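Working notes, structure below.
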Amino acid sequence: MFRWIVARDLKLAWRSRADVLSTLFFFVIVVSLFPLGIGPEIQLLRSVAPGVVWVAALLASMLSLGRVFANDYHDGTLEQLLLTPQPLYLVVLGKVLAQWLVSELPLVIIAPLLGVQFDLPPSTLFVLFLSLLIGTPVLSLIGSIGAALTLGLRGGGVLIAILILPLYIPVLIFGAGAVDASIISANPQSHFFLLGALLSLSLVFAPLATAAALRISLE
Amino acid sequence: MLEVTNLGCVRGSRRLFRDLNFSVSPGSLVQLQGPNGSGKTSLLRIICGLATPAEGKVYWRGENIRAINEEYFTSVRYVGHRNGAKEELTSVENLRISSGLEGVAVSDRQARAILDRVGLAGREDLPVRLLSEGQKRRSALARLLTCRTTLWLLDEVLTSLDTAAVQLMKSILEDHLGEGGMAVIATHQELNISAGSFQRLELSS
Amino acid sequence: MSRKINWYKYASPAAFYPLAGRIIPWFAFPAAVLFAIGLYVGFFVAPTDFQQGDAYRIIFIHVPAAWMGMFLYVLLAFYAGIGWAFNARLSSMMASSLSITGALFTFLSLVTGSLWGKPTWGTWWVWDARMTSTLILLFLYIGFISLQSAIEDTRRADHAGAVLALVGVINVPIIYFSVQWWNTLHQGATIRILNKPSMAPPMLAAMLIMLAACWFYSVAVVLARLRCIILEREQRAAWAAEATI
Numbered sequence: 001m002f003r004w005i006v007a008r009d010l011k012l013a014w015r016s017r018a019d020v021l022s023t024l025f026f027f028v029i030v031v032s033l034f035p036l037g038i039g040p041e042i043q044l045l046r047s048v049a050p051g052v053v054w055v056a057a058l059l060a061s062m063l064s065l066g067r068v069f070a071n072d073y074h075d076g077t078l079e080q081l082l083l084t085p086q087p088l089y090l091v092v093l094g095k096v097l098a099q100w101l102v103s104e105l106p107l108v109i110i111a112p113l114l115g116v117q118f119d120l121p122p123s124t125l126f127v128l129f130l131s132l133l134i135g136t137p138v139l140s141l142i143g144s145i146g147a148a149l150t151l152g153l154r155g156g157g158v159l160i161a162i163l164i165l166p167l168y169i170p171v172l173i174f175g176a177g178a179v180d181a182s183i184i185s186a187n188p189q190s191h192f193f194l195l196g197a198l199l200s201l202s203l204v205f206a207p208l209a210t211a212a213a214l215r216i217s218l219e
Numbered sequence: 001m002l003e004v005t006n007l008g009c010v011r012g013s014r015r016l017f018r019d020l021n022f023s024v025s026p027g028s029l030v031q032l033q034g035p036n037g038s039g040k041t042s043l044l045r046i047i048c049g050l051a052t053p054a055e056g057k058v059y060w061r062g063e064n065i066r067a068i069n070e071e072y073f074t075s076v077r078y079v080g081h082r083n084g085a086k087e088e089l090t091s092v093e094n095l096r097i098s099s100g101l102e103g104v105a106v107s108d109r110q111a112r113a114i115l116d117r118v119g120l121a122g123r124e125d126l127p128v129r130l131l132s133e134g135q136k137r138r139s140a141l142a143r144l145l146t147c148r149t150t151l152w153l154l155d156e157v158l159t160s161l162d163t164a165a166v167q168l169m170k171s172i173l174e175d176h177l178g179e180g181g182m183a184v185i186a187t188h189q190e191l192n193i194s195a196g197s198f199q200r201l202e203l204s205s
Numbered sequence: 001m002s003r004k005i006n007w008y009k010y011a012s013p014a015a016f017y018p019l020a021g022r023i024i025p026w027f028a029f030p031a032a033v034l035f036a037i038g039l040y041v042g043f044f045v046a047p048t049d050f051q052q053g054d055a056y057r058i059i060f061i062h063v064p065a066a067w068m069g070m071f072l073y074v075l076l077a078f079y080a081g082i083g084w085a086f087n088a089r090l091s092s093m094m095a096s097s098l099s100i101t102g103a104l105f106t107f108l109s110l111v112t113g114s115l116w117g118k119p120t121w122g123t124w125w126v127w128d129a130r131m132t133s134t135l136i137l138l139f140l141y142i143g144f145i146s147l148q149s150a151i152e153d154t155r156r157a158d159h160a161g162a163v164l165a166l167v168g169v170i171n172v173p174i175i176y177f178s179v180q181w182w183n184t185l186h187q188g189a190t191i192r193i194l195n196k197p198s199m200a201p202p203m204l205a206a207m208l209i210m211l212a213a214c215w216f217y218s219v220a221v222v223l224a225r226l227r228c229i230i231l232e233r234e235q236r237a238a239w240a241a242e243a244t245i
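Protein chains in written order, with the numbering used here: chain R, 1 to 219; chain B, 1 to 205; chain F, 1 to 245.
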């Protein structure tokens with residue numbers, strides 16, 4: 001049953017490829033904007049790189065969140081999902097997984113390329129990749145709570161951002177911190193443990209909150 | 001089997017209805033009538049468990065539906081105002097996915113047979129967004145036929161259908177009721193259907 | 001023969017409205033008195049700190065405001081949660097009322113913290129753990145208030161706010177820890193910037209009196225706002241029409 005949701009959403013994403021690619025382009029453009037705003041001095045760029053890439057990932061993930069439930073809400077499939085015998089927790093998990101695969105995984109893969117723009121050494125590029133790999137699922141999971149709470153409301157994307165960005169801060173701190181540590185040749189291990197802890201916590205609790213929020217929004 | 005006791009509903013600051021009591025037994029049909037905004041949709045959503053009533057309870061086989069959530073959902077099908085189909089997918093895909101989510105595996109051949117029955121033969125491989133309103137409605141109704149569920153909750157399903165489709169829907173309903181199913185339908189069209197028992201519920205605003 | 005008070009009847013907005021009205025003066029007047037005493041002790045009686053001079057005195061507003069911001073957020077989450085779990089409208093209204101006062105206290109704490117930082121350290125803003133956490137708390141409040149004002153259906157607004165507040169309150173320790181972590185990583189050898197001076201008894205007294213004053217003030221103001229919210233939501237009921245006349 002879980003795979004039905006994931007497969008369905010993946011198929012839908014494939015049929016509207018343009019939407020999906022736009023998130024990726026946004027990420028690339030935002031990251032590339034920073035050097036234009038800050039200046040090309042390579043030392044400076046290297047030190048701001050972790051923060052820049054991570055904040056861009058946060059913003060890009062915010063953009064794609066609006067889509068997670070909105071389409072299903074408007075064509076009536078969301079209420080049908082609430083009426084299946086499947087636990088809503090699994091349905092939510094399936095949708096979040098599909099959203100991550102489609103919107104965030106491309107970011108994770110392309111981030112090391114962008115890191116090259118900031119003259120990051122290969123070991124740091126790997127740490128960047130890994131931190132995003134562990135961190136972006138947390139962004140999707142927490143973000144889905146915001147998406148579920150704001151279903152059908154005006155002010156859409158900005159409202160989700162106001163709700164969710166404060167909750168993203170720990171992920172940002174540990175994720176960017178890991179890359180930072182790697183730049184100064186310190187051990188990023190503790191950051192990864194903390195990221196992993198956040199991932200486990202959000203895997204367990206976030207879908208519960210999202211499920212509750214969906215029921216509330218659909219009443 | 002379905003029992004509604006002392007049901008009350010408030011939407012925003014408006015009281016829609018209160019002290020509603022009725023029960024539905026196998027083979028019976030309940031028609032909800034009333035002007036727009038009188039609470040027909042809200043009542044259907046309360047019965048299917050999407051909305052919580054302001055007062056009162058809904059019982060299924062003697063148990064509060066809030067307590068037996070998943071079990072209740074296996075016996076109920078709800079067709080609301082919106083079609084509940086993904087516009088980018090074809091009717092066949094939509095049908096197979098929705099029944100897969102309900103836990104019933106429907107093969108490609110079975111799906112096509114059902115869509116044929118509702119009059120969509122030849123159109124089942126078109127993305128739903130290319131269908132007319134009436135055809136989209138037929139596609140939504142196909143969901144009722146994928147497996148035998150006991151209680152059907154239908155909200156204004158006859159509106160976009162042409163006369164032939166309305167006849168089709170009525171015969172499907174008769175079959176369902178004949179097999180011991182139940183239905184609560186909100187519609188202002190006359191339903192001349194033979195049913196075990198027939199109740200008309202008038203909601204006034 | 002003792003009279004048993006039926007507390008449950010006060011769970012209805014209509015019954016709580018007059019009760020709240022009677023309670024408010026009992027908190028408003030003491031609040032004014034406590035503020036006067038607290039500010040007097042803080043600004044005139046407490047000794048000048050040998051490290052920070054007289055500028056430190058702003059902490060008598062800054063610290064109680066910060067604590068109130070935190071307490072009220074937890075209280076808000078509690079009431080919102082109760083309102084959601086038991087469908088208790090009055091609890092949800094209480095949460096909405098608390099949110100504004102809590103946000104204002106948090107904002108006040110940020111402003112006074114900024115005023116403290118300028119003479120003491122030379123900058124209007126410092127990114128230390130406490131100030132940053134307070135800023136994030138303000139964002140959490142703003143999120144709650146924005147969400148509630150974006151949703152027209154009051155029931156959905158109440159319950160959605162409850163989910164957000166509960167998620168927020170669980171995250172607050174995590175956020176606080178992560179900000180501390182971030183701060184220690186980037187601080188290096190710099191001294192902890194906004195350190196409270198070691199507390200002489202008059203300073204402690206002033207702090208506690210101000211805190212009490214803030215509590216009394218909060219009760220009075222939150223109940224007063226609650227009465228307004230009750231009137232707004234129950235406007236169709238007959239008793240409300242009479243009450244507004």
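A virtual CB, placed ideally from N, CA and C, is assigned to each residue, including glycine. Just so it is clear, the structure is predicted and the values come from calculations on it, not from any experiment.
Just the Cα atoms here: how many angstroms apart are residue i and residue j?
i: R/LYS95; j: F/ASN171; result: 23 Å
i: F/GLN180; j: F/PRO173; result: 11 Å
i: R/ALA178; j: R/PRO188; result: 5 Å
i: F/LEU72; j: F/SER146; result: 17 Å
i: F/TYR79; j: R/SER47; result: 44 Å
i: F/TYR217; j: F/PHE29; result: 9 Å
i: B/ALA140; j: F/THR132; result: 52 Å
i: F/VAL219; j: F/TRP127; result: 32 Å
i: F/ALA129; j: R/ARG3; result: 43 Å
i: R/GLY157; j: R/ARG67; result: 10 Å
Tell me, please, whether the CB atom of residue i is closer than 8 Å to any CB atom in chain R?
i: F/PHE105; result: no
i: F/GLY102; result: no
i: B/TYR59; result: no
i: F/ILE191; result: Confidence at F/ILE191 is low in this model, with a pLDDT of 46, below 50, so the placement of that residue is unreliable and no value is reported for it.
i: B/SER98; result: yes
i: F/LEU72; result: no
i: B/CYS147; result: no
i: B/LEU50; result: yes
i: B/GLY119; result: no
i: F/ILE136; result: yes
Between residue i and chain F, is the shortest Cβ-Cβ distance under 8 Å, so that the two count as touching?
i: R/GLY220; result: The displayed coordinates of chain R run from 1 to 219. Any statement about residue 220 of chain R would go beyond what the structure contains.
i: R/PRO188; result: no
i: R/PRO166; result: yes
i: R/ALA70; result: no
Residues of chain B with a CB under 9 Å from the CB of residue i: which are they?
i: F/ASP153; result: ARG11 and GLY12
Span of the alpha helix (DSSP H) holding residue i?
i: R/LEU226; result: This structure cannot settle anything about residue 226 of chain R, because the visible part of chain R is limited to 1 through 219.
i: F/ILE229; result: 201 to 233
i: R/ARG8; result: 2 to 15
i: B/VAL24; result: No alpha helix (DSSP H) holds B/VAL24; the beta strand (DSSP E) holding it covers 14 to 24.
Against residue i, what residues of chain F qualify as contacts under a CB-to-CB distance less than 9 Å, listed in chain order?
i: R/ILE162; result: PHE139, ILE142, GLY143, SER146 and LEU147
Would a check of beta-carbon distances place residue i closer than 8 Å to chain B?
i: F/ARG236; result: yes
i: R/ARG8; result: yes
i: R/TRP100; result: no
Cβ closer than 8 Å: which chain F residues qualify as neighbours of residue i?
i: R/SER217; result: ARG156 and ALA160
i: R/ILE134; result: Here the premise fails: no neighbours, minimum Cβ distance about 15 Å.
Is it buried or exposed, residue i, if we count other Cβ atoms within 10 angstroms and call 16 or more buried?
i: R/ASP119; result: exposed
i: B/LYS136; result: buried
i: F/SER92; result: buried
i: R/ALA60; result: buried
i: F/HIS313; result: This structure cannot settle anything about residue 313 of chain F, because the visible part of chain F is limited to 1 through 245.
i: F/ALA85; result: exposed
i: F/ARG156; result: buried
i: F/PHE139; result: buried
i: B/LYS86; result: buried
Starting from the beta carbon of residue i, find every residue of chain R whose beta carbon is closer than 8 Å, and list them in chain order.
i: B/GLY84; result: ASP75, GLY76, THR77, GLU79 and GLN80
Below 8 Å on C-beta distance, what does residue i contact in chain B?
i: R/THR84; result: PHE73, LEU101, GLU102 and GLY103
i: R/SER16; result: GLU88
i: R/LEU12; result: LYS86, GLU88 and LEU89
At a cut-off of 7 Å, is residue i close to the ligand NAD when judged by its beta-carbon and the heavy atoms of the ligand?
i: R/SER61; result: Summarising the ligand content, the structure contains no ligands, and the ligand NAD is consequently not present.
For residue i, go through chain B and note every residue whose CB falls closer than 7 Å to its CB, in chain order.
i: R/TRP54; result: The contacting residues do not exist; R/TRP54 stays about 33 Å from chain B at best.
Taking Cβ-Cβ distances shorter than 7 Å, what residues in chain R pair up with residue i?
i: F/ILE174; result: PRO170
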